[in-house]
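Some notes on the structure that comes next.
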Amino acid sequence: MTDYKKEVAQALLDIQAVKLQPNDPFTWASGLKSPIYTDNRKTISFPKVRQLIANGLADLVKEKYPDATVIGGVATAGIPHAAWVAEVLDLPMVYVRSKPKDHGAGKQIEGILSDQDQVVLIDDLISTGGSVLGAVDAVRREGSQVAGVLSIFSYELPAADKNFAAAKTDFAPLTTYSALLDVEKASGQMSDADLDVLQDWRVDPSAWSEKHSN
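So in this note's numbering, spot 56 of the sequence shown is number 56, and the numbers just go up one at a time.
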């Protein structure tokens, strides 16, 4: 059986969709300093990587949400992966915008949903969960059920656990920050001290950012 956590983590590192710089932090759009930068949009340019991801996500759907009737892509990065997963599983697909269109019928969800549907939403990355939980709300407003949320990668931040619990929504990542660090440790290319720095970030990103902003 494929160990998707490690394989996908390794693939993301190989194509530099994920970069780790414990000693030269990135500055996120929020202004926070971080030792990790993720751009999973790169995965669509690598056929073998995107196929690995699609098969892994499809297996997660079958394992965790066997009653799923629709695969939903969260705009924009989740849309292509949702399409490939829907193809693998031979299920209908929809996609969810971050907000309703300001013209035409003003739709936020493209595709067809009914109140009998069990939707699995797919995004590329879970940070705090804010954007994907907005999509969860949109699907529920349509009258459909959200079976759960899947992502390619999760930072495993405590805020995400709190936000998903508050929204009464289940979620599962294909690979995680912990798996990424395991792959890095096994490669022997990063010192234990640097791995400790990376681990400290996940525990409290805001405090880590403040400490490394000086």
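Virtual Cβ for every residue (Gly too), placed ideally from N, Cα, C. No experiment lies behind these values; they were computed from the predicted model shown.
- One thing to note: Ile126 has its Cβ within 7 Å of the Cβ of Ser154.
- Taking a cut-off of 8 Å on C-beta distances, the stretch 15-35 touches the stretch 202-209, as three or more cross pairs fall below it.
- Per DSSP, Lys107 lies in no beta strand (DSSP E) and is assigned neither H nor E.
- Counting only unbroken stretches of 3 or more residues, the beta strand (DSSP E) elements lying wholly within the stretch 114-146 are 118-126, in sequence order.
- In the structure shown, Leu150 adopts extended strand secondary structure according to DSSP, grouped into three states.
- Excluding residues up to 5 positions away in sequence, Val85, Val88, Leu89 lie with their Cβ nearer than 6 Å to the Cβ of Ala58 in the same chain.
- Residue range 171-176 is occupied by the beta strand (DSSP E) that includes Ala172.
- Nearest to Val197 by alpha-carbon distance, out of Gln118, Arg41, Asn23, Ala54, is Asn23.
- Collapsing the DSSP output to three states places Ser187 in a helix.
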